[in-house]
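Colleague: Supplied in structure tokens, the structure appears directly below.
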């Protein structure tokens with residue numbers, strides 16, 4: 583806010599007089615407005631908010647996309663994010679009726695419950711005569727299990743996220759994958775038939791599936807050779823568009839999987855996974871220590887081992903060993 587105020591004051595010193603607009607997401611904060619007022623620029627600004635609480639990542643997945651929640655709450659002890667969580671749960675109840683059973687696990691669960699109760703008192707939620715559509719909700723705070731999010735992902739969807747960073751259900755892919763002249767934003771959802779079939783597969787099984795899918799699509803194209811004029815018309819109207827869509831999708835996922843395979847081969851991901859599994863199972867501790875000490879001695883850049891997620895996993899493993907031994 584101080585940076586914005588500084589820019590406005592510089593404009594006014596240069597004789598630039600206009601009205602400024604600030605859009606706060608997901609809601610406006612009194613503290614921000616207070617800073618603008620203290621800096622003497624609040625009168626020149628129109629402040630509004632864009633209440634985006636939940637983003638539909640998939641038909642059955644809603645996300646707050648609050649990447650800074652952990653640091654804000656557990657490091658800075660800022661409970662603002664908890665209020666946003668509460669707002670999202672209240673919004674769901676406005677759409678689908680009161681949720682009778684709510685189970686929250688973790689340190690900040692009680693705070694969320696209090697916020698929800700206060701928000702529900704201020705709002706009117708009507709339930710249809712058939713009753714609420716959601717009968718039970720479970721919310722697990724990340725501190726209940728900090729280890730699992732740091733474990734390396736081995737599914738296609740997980741590695742796609744680790745390698746290219748999936749944001750709000752989209753991934754940015756370069757020209758070497760899409761054969762386009764610029765970065766391409768690709769939507770990842772179950773509407774993509776090929777992606778829906780490989781997203782939860784172990785990465786080692788993805789290549790064989792894509793190869794079989796390519797042969798299947800080729801057979802779909804080849805069947806047009808035996809069609810008469812009437813059959814060709816039906817083929818163009820009904821099948822061709824779907825085949826082209828799947829072919830484009832197949833090309834993208836083949837390129838992405840090849841890129842991930844290259845990075846996997848270039849790094850030491852297999853050894854890291856072995857060490858990770860050994861530590862989780864409590865076996866081969868001595869060998870695991872030797873492997874990590876070797877990486878430290880070689881000053882290996884964790885980001886080059888495979889990706890940022892393994893960087894976190896590798897750092898976690900190192901901290902565990904230092905604390906335990």
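Residue numbers (my numbering): 583 to 907. Note that beta-carbon positions come from the ideal geometry of N, C-alpha and C, so glycine has one too.
1) Within 10 angstroms of the Cβ of residue 886, are there 16 or more other Cβ atoms? Answer buried if so, exposed if not.
2) Is the region 796-811 touching the region 712-726 in the sense that three or more CB pairs, one from each, lie closer than 8 angstroms?
3) Do the region 770-784 and the region 827-836 meet, that is, are 3 or more Cβ pairs less than 8 angstroms apart?
4) In chain order, which continuous runs of the alpha helix (DSSP H) of length 4 or greater are located wholly inside the region 748-772?
5) Go to residue 591, then tell me how far its alpha helix (DSSP H) extends in each direction, as first and last residue.
6) Using the Cβ count rule (16 or more neighbours within 10 Å means buried), how would you classify residue 675?
7) Tell me where the alpha helix (DSSP H) around residue 693 begins and ends.
8) If you check the beta carbons only, do residue 694 and residue 663 fall under 7 angstroms apart?
9) When you compare only the Cα positions, how much space is there between residue 750 and residue 647?
10) Just to confirm, are residue 788 and residue 752 a CB contact at a threshold of 7 angstroms?
11) Taking the alpha carbon of residue 802 as the point to measure from, which residue in 792, 684, 817 has its own alpha carbon closest?
12) In the DSSP assignment, what are the bridge partners of residue 784?
13) So, with DSSP's three-state summary, where would you put residue 721?
14) Pop quiz: residue 605 and residue 630 are said to be a contact at Cβ under 8 angstroms. What is the actual Cβ separation, rounded to whole angstroms?
15) Which residue marks the beginning of the beta strand (DSSP E) containing residue 637, and which one marks its end?
16) Quick check on DSSP: helix, strand or coil for residue 611?
Modeller: Reading off the structure:
1) Here residue 886 scores only 47 on pLDDT, less than 50, and its place in the model should not be relied on; the value that follows carries that caveat. When all chains shown are included, residue 886 counts as exposed.
2) The region 712-726, when compared against the region 796-811, does not touch it at the 8 angstroms Cβ threshold.
3) The region 770-784 vs the region 827-836: in contact.
4) Taking only runs of at least 4 residues, the alpha helix (DSSP H) segments lying wholly in the region 748-772 are 757-760.
5) Secondary structure note for residue 591: its alpha helix (DSSP H) is the uninterrupted segment 584-595.
6) Per the 10 Å Cβ criterion, buried.
7) First-last of the alpha helix (DSSP H) with residue 693: 691-704.
8) No. Outside cutoff.
9) About 7 angstroms.
10) For the 7 angstroms CB-CB criterion, residue 788 and residue 752 do not form a contact.
11) Comparing alpha carbon positions, the residue from 792, 684, 817 closest to residue 802 is 817.
12) In the DSSP output, where bridge partners are listed per residue, residue 784 has 737.
13) Residue state, collapsed to three classes: strand.
14) Cβ-Cβ separation between residue 605 and residue 630: approximately 6 angstroms, consistent with a contact (criterion under 8 angstroms).
15) Membership of residue 637 in the beta strand (DSSP E) is indicated by the continuous run 637-640.
16) Assignment of residue 611 by DSSP, reduced to helix, strand and coil, places it in the coil class.
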